[in-house]
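Written out below as structure tokens is the structure these notes cover.
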Amino acid sequence: MSIIFLDAWKMALQIPGGLWAAAVTLMLAMLSTPVAEGRDSPQDFVYQVKGMCYFRNGTERVRLVTRFIYNREEYLRFDSDVGEYLPVTPLGPPDAEYLNSQKDLLDRTRAELDTVCRHNYQLEFPAILQRREKPTVTISSSRREALNHHNLLVCSVTDFYPGQIKVRWFQNDQEQSAGIVSTPLIRNGDWTFQILVMLEMTPQHGDIYICHVEHPSLQSPITVEWRAHSESAQSKMLSGIGGFVLGLIFLGLGLVIRHRGRKGEEPQGEMGKIDCDQDPLFRELLSLDVALSS
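Okay, so the sequence shown: first residue is 604 according to our numbering, each after it adds one.
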């Protein structure tokens, strides 16, 4: 028979002694029951004890809840607001009655509201509250046909801490309030968050959209721009760049070939001199480059 303990106090600097005393007592009691000795007893079982401290307005309002769980089912708990152990399932009343009868154990568990919760808050929470992670902000669009088509801009804000963040959309310096949809705050599981804030719009030529992000980790807001461009304008620009590069390649090859030809005709030790202005090959390649660029 194997026994597994899972404890929620691993990160705490002060371990609740009353919690462990109660857990060990209950575990031994369970192992000594007739059910544990019978043939129907499970070969493996999990017994969990989870202690949780809840804080409101710092340590002004503190609550300690200790949950006792057998095979993934909570059957008993201690609640500091009540001050005693409470049964949760039919398995709980015998244990609750026994633990509440142990005055020393009960007093020690009640005291852990101060010796564990408030104590660890003073040691751990300042570093947690001061932790800052700056967000990363990017913008993407849902479709490539930008102009005069219904579109959706997505502002992705990722890897920030704490979770308090403000994301706004601007169009041509005017804050937008309509057509904005946001996801809930998403926990990444590593003490950072992410959120997506989307803007529905129909961009016109020259429109400028800005995702504006404010966060406690930033001295000034982060702003990321997205500009509306037509597909034809982008295609012409890319074609022009491609033609210019292709022309330079042909020009370089032509000059190398011309230079080698001149060098083979001249005496050894002398280098032919190319007059580019008068060279018909150069003029032809230059004309080709201009034609491709236009």
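Each residue gets a CB set at the ideal place from its N, CA and C atoms; glycine is no exception.
Note that the coordinates shown come from a computational prediction; the quantities given were computed from them, not determined experimentally.
In this structure, the CA atom of Ser-780 is about 10 Å from the CA atom of Gln-774. Looking at the backbone, the Cα of Thr-795 and that of Ser-744 are separated by about 25 Å. Within the DSSP secondary-structure output, Thr-826 pairs in a beta bridge with His-815.
Unbroken beta strand (DSSP E) stretches of 3 residues or longer found wholly inside the stretch 731-813: 739-744, 754-763, 769-774, 777-779, 783-785 and 796-804, given in chain order. Of the candidates Leu-755, Gly-792, Pro-693 and Asn-791, the residue whose Cα lies closest to the Cα of Gly-782 is Leu-755. By the CB criterion at 8 Å, His-815 and Arg-771 fall inside the cutoff.
For Glu-663, the three-state secondary structure derived from DSSP is coil. With fewer than 16 other beta carbons inside 10 angstroms of its own, Phe-728 counts as exposed. DSSP, read as helix, strand or coil, puts Gly-850 in helix. Fewer than three beta-carbon pairs drawn from the stretch 845-860 and the stretch 804-823 are found closer than 8 Å, and the two stretches are therefore not classed as touching. Ser-820 is the residue among Ala-699, Met-801, Ser-820 and Ile-860 whose C-alpha sits nearest the C-alpha of Leu-732.
Between Leu-667 and Cys-720, the C-beta spacing is below 8 Å.
The three-state reading of DSSP puts Asp-707 in helix, counting H, G and I together.
Cβ neighbours of Pro-696 within its own chain (closer than 7 Å, five residues either side excluded): Pro-690. Under the three-state reduction of DSSP output, Thr-718 falls in the helix class. DSSP lists Val-668 and Glu-687 as the beta-bridge partner residues of Asp-682.
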